[in-house]
Amino acid sequence: MSILKEFKEFAVKGNVIDLAVGVVIGGAFGSIVKSLVDDVIMPPIGLLVGNVDFANLFFVLKEGAKQAGPYASVAAAKQAGAVTMNIGLFINSLVSFTIVAFAIFMLVKAINKLKREAPVEAAPVAATKECRYCLSSVPEKASRCPCCTSQLD
Numbered sequence: 001m002s003i004l005k006e007f008k009e010f011a012v013k014g015n016v017i018d019l020a021v022g023v024v025i026g027g028a029f030g031s032i033v034k035s036l037v038d039d040v041i042m043p044p045i046g047l048l049v050g051n052v053d054f055a056n057l058f059f060v061l062k063e064g065a066k067q068a069g070p071y072a073s074v075a076a077a078k079q080a081g082a083v084t085m086n087i088g089l090f091i092n093s094l095v096s097f098t099i100v101a102f103a104i105f106m107l108v109k110a111i112n113k114l115k116r117e118a119p120v121e122a123a124p125v126a127a128t129k130e131c132r133y134c135l136s137s138v139p140e141k142a143s144r145c146p147c148c149t150s151q152l153d
């Protein structure tokens with residue numbers, strides 16, 4: 001019975017709940033960024049590059065057993081049983097990752113700026129003088145040098 005009680009205490013802690021909320025929000029944010037990349041950013045880039053649909057940019061590594069190539073899309077190649085290297089999907093994922101990483105960087109930067117404490121004032125530097133015999137630094141009010149024990153003025 002103590003294991004269940006311990007698990008309940010663990011599951012109800014604020015950190016676990018915050019983590020769960022973060023994962024759910026992160027998943028939703030990831031799908032928004034994926035849509036942004038696939039539907040908004042990559043089509044104009046593909047148009048500028050020469051009518052390239054990055055989602056269907058792939059290389060056939062092995063022809064399909066059901067149907068020979070060429071294939072119009074990644075889905076058609078997969079349906080035919082072909083083995084493909086999906087470069088376009090990788091580029092889309094790379095752009096999505098870059099956007100998410102930048103957004104998280106900006107969020108962490110903003111949070112760190114809010115958490116930053118006021119600058120701590122430096123401790124006042126004690127006034128010192130120099131020993132004329134050994135050239136060590138000695139407190140201003142000292143009458144003897146702590147290094148060479150010479151009498152000071």
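All residue numbers for the sequence shown refer to my numbering, where the first residue is 1 and numbers rise by one.
From the three backbone atoms N, C-alpha and C, an ideal C-beta is built for every residue, glycine too.
Identify, in the order they occur along the chain, each residue of the same chain with its Cβ nearer than 7 angstroms to the Cβ of residue i, setting aside the five sequence neighbours on each side.
i      : result
Phe54  : Met42, Gly46, Gly88, Ile91 and Asn92
Glu140 : Ala127, Thr128 and Lys129
Val52  : Gly46
Indicate the three-state DSSP secondary structure (helix, strand or coil) for residue i in the structure shown.
i      : result
Pro139 : strand
Glu130 : strand
Lys109 : helix
Leu98  : The sequence as given places Thr at residue 98; Leu does not occur at that position. If DSSP states are grouped into helix, strand and coil, Thr98 belongs with the helices.
Gln151 : strand
Lys62  : strand
Val37  : helix
Val52  : coil
Val83  : strand
For residue i, collect the residues of the same chain with a Cβ closer than 8 angstroms to its Cβ; drop the 5 residues on either side in sequence, then sort them by chain order.
i      : result
Phe59  : Thr84, Met85 and Ile87
Gly69  : Val60, Glu63, Ala77, Ala80 and Ala82
Pro124 : none
Gly50  : none
If I'm right that residue i touches residue j with Cβ under 8 angstroms, what's the distance once you round it to whole angstroms?
i      : j      : result
Arg144 : Ser137 : At roughly 14 angstroms, the Cβ-Cβ gap does not stay under 8 angstroms, so Arg144 and Ser137 are not in contact.
Val77  : Gly64  : Looking at the sequence provided, one finds Ala at residue 77 rather than Val. The pair is a contact, with the Cβ atoms about 7 angstroms apart (cut-off 8 angstroms).
Val108 : Val33  : Contact flag wrong, Cβ pair sits at about 17 angstroms.
Val40  : Val95  : No, Val40 and Val95 are not in contact; Cβ-Cβ is about 11 angstroms, not under 8 angstroms.
Quick one: using the 10 Å Cβ neighbour count with 16 as the cut-off for buried, is residue i buried or exposed?
i      : result
Val23  : exposed
Cys131 : buried
Tyr71  : buried
Ala110 : exposed
Considering only their Cβ atoms, is the gap separating residue j from residue i smaller than 9 angstroms?
i      : j      : result
Gly142 : Leu152 : Note that residue 142 corresponds to Ala in the displayed sequence, not to Gly. A contact, by the Cβ cut-off of 9 angstroms.
Ala103 : Phe29  : yes
Skipping 5 residues on each side, what residues in its chain have a beta carbon closer than 6 angstroms to that of residue i?
i     : result
Leu57 : Ile87 and Gly88
Verify the CB distance criterion: does residue i have a CB-CB separation below 9 angstroms to chain C?
i     : result
Ala65 : Of the protein chains in the structure, only one exists, and it is not chain C.
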